[in-house]
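Undergrad: The structure's right below; bear with me while I get my questions together.
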Amino acid sequence: MNIASSPARFGQRQSRTELLVGGRVLLADGTERSCCVRFDSEDVATVFAAADPAMFDRVLFRLEEVGSLSGIVVANDRASFEIRLEGSGERRRRVQTKLDWLEAHAGGREERRSEIRIVPRRRTVQFRRPGEEPFTARILDVSPSGASLSMPIRPGIGETVLVGRRYAEVVRHSDEGVAVRFKLPFAQASFGEDVEL
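Read in order, the letters of the sequence shown are residues 1 to 197 in the UniProt record's numbering.
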């Protein structure tokens, strides 16, 4: 890709500074890391990850609520790195639609403004409703104060449940399952991609 050329653009919106999306990034050297991506503009994103890619490396992403993306590293300050997004016009339109949906949902937007969400290494967790047998749910992403889960049932909003060893409240339904808020949030010092609920 010619960095100096004008790439296909994500719609007409000029800024997405509030939108943070969790996922994983595959670096050029073959290593994979948990990450959080902020969509700064139509064709540029900032990636927060424990990684130090080289300039002009191509990196691949799997973002749970957006899908697969790729980009070229155009800046790196070690705390984060900036990428120029790649993709066909049709692919970018599909991503644009998903980003618009995420921004339009106030609950998700408020959570993303306040905390970075990650995809943990251990993706499965036992989910239990009071008085019922537990079943296995899949973790889509997690923050110190809550998690998004893929699961076949939708407990009621406000219902108290047990997610792993943590009591939580169901705060939102999604196409894939539910979002929960932990009764006792994780301490920042103990929170990372190896976290277990």
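Ideal Cβ positions, reconstructed from N, Cα and C, are used throughout, including at glycine.
Distance check for Val-37 and Asp-52, CA to CA, integer angstroms please.
TA: Here residue 52 corresponds to residue number 52 of the sequence shown, with the count starting at 1. Here residue 37 corresponds to residue number 37 of the sequence shown, with the count starting at 1. Rounded to the nearest angstrom, the gap between the Cα atoms of Asp-52 and Val-37 is 15 Å.
Undergrad: Where Gly-156 and Ser-174 are concerned, what is the direct C-alpha to C-alpha distance, given to the nearest angstrom?
TA: Translated into the one-based positions of the sequence shown, residue 156 becomes position 156. Translated into the one-based positions of the sequence shown, residue 174 becomes position 174. Straight-line Cα distance between these residues: approximately 12 Å.
Undergrad: Give every residue of the same chain whose Cβ lies closer than 8 Å to the Cβ of Arg-166, excluding the five residues on either side of it in the sequence, and list them in chain order.
TA: One-based indexing of the sequence shown puts residue 166 at position 166. These residues qualify, in order along the chain: Phe-182, Lys-183, Leu-184 and Leu-197.
Undergrad: Give the secondary structure of Leu-184 by DSSP, where H, G and I count as helix, E and B as strand, and everything else as coil.
TA: For the purposes of this step, residue 184 is taken as residue 184 along the sequence shown, with counting starting at 1. Coil, per DSSP.
Undergrad: Give me the DSSP bridge partner(s) of Ile-72.
TA: Taking the first residue of the sequence shown as position 1, residue 72 is located at position 72. Note: Ile-72 sits in a beta bridge opposite Arg-58 and Arg-84.
Undergrad: Output the distance between the C-alpha atoms of Val-44 and Arg-117, rounded to the nearest integer angstrom.
TA: By 1-based counting over the sequence shown, the position of residue 44 is 44. By 1-based counting over the sequence shown, the position of residue 117 is 117. Their backbone Cα atoms lie some 20 Å apart in a straight line.
Undergrad: Helix, strand or coil for Arg-109? Go by DSSP, reduced to three states.
TA: As a first step, residue 109 must be located in the sequence shown, where it is residue number 109. Residue confidence is low: Arg-109 scores 45 on pLDDT, short of 50, so the model does not pin down where it sits. No coordinate-derived value is stated.
Undergrad: Is Arg-94 helix, strand or coil by DSSP?
TA: Position 94 of the sequence shown, counted from the first residue, corresponds to residue 94. DSSP places Arg-94 in helix when its eight states are reduced to three.
Undergrad: Taking only three categories from DSSP, how would you classify Leu-149?
TA: For the purposes of this step, residue 149 is taken as the residue at position 149 of the sequence shown. In the structure shown, Leu-149 sits in a strand (DSSP, three-state: E or B).
Undergrad: Can the beta-carbon of residue 198 be found less than 7 Å from the beta-carbon of Val-95?
TA: The chain is shown only over 1 to 197; residue 198 falls outside these bounds and no answer can be derived.
Undergrad: Given this structure, state the Cα-to-Cα distance separating Gly-131 from Val-171, to the nearest angstrom.
TA: By one-based count along the sequence shown, residue 131 stands at place 131. By one-based count along the sequence shown, residue 171 stands at place 171. Rounded to whole angstroms, Gly-131 to Val-171 spans 20 Å at the Cα level.
Undergrad: Hey, how far is the Cα of Ala-4 from the Cα of Asn-76?
TA: Taking the sequence shown and counting its residues from 1, one reaches residue 4 at position 4. Taking the sequence shown and counting its residues from 1, one reaches residue 76 at position 76. Its pLDDT being 34, under 50, Ala-4 is placed unreliably in this model, and the value from its coordinates should be taken loosely. Each residue's alpha carbon lies about 18 Å from the other.
Undergrad: Can you have a look at Ala-147 and say buried or exposed, based on whether 16 or more other CB atoms are within 10 angstroms of its CB?
TA: For the purposes of this step, residue 147 is taken as the residue at position 147 of the sequence shown. That one is buried.
Undergrad: So what does DSSP say about Glu-162, is it helix, strand or coil?
TA: Position 162 of the sequence shown, counted from the first residue, corresponds to residue 162. The amino acid at residue 162 is misidentified as Glu; the sequence shows Leu. Looking at Leu-162 - three-state DSSP - the assignment turns out to be strand.
Undergrad: Could you check whether Val-21 and Val-66 sit closer than 7 Å to each other, using their CB atoms as the reference points?
TA: Translated into the one-based positions of the sequence shown, residue 66 becomes position 66. Translated into the one-based positions of the sequence shown, residue 21 becomes position 21. The answer is yes: Cβ separation under 7 Å.
Undergrad: Judging by CA-CA distance, which residue of Arg-33, Leu-27, Ala-179 and Ala-49 is the nearest neighbour of Arg-141?
TA: If you number the sequence shown from 1, residue 141 lands on position 141. Note that residue 141 corresponds to Asp in the displayed sequence, not to Arg. Nearest option by C-alpha distance: Ala-179.
Undergrad: With distances taken between CB atoms, is the gap from Thr-46 to Ser-80 smaller than 7 Å?
TA: Position 46 of the sequence shown, counted from the first residue, corresponds to residue 46. Position 80 of the sequence shown, counted from the first residue, corresponds to residue 80. Their beta carbons are under 7 Å apart, which means Thr-46 touches Ser-80 by this criterion.
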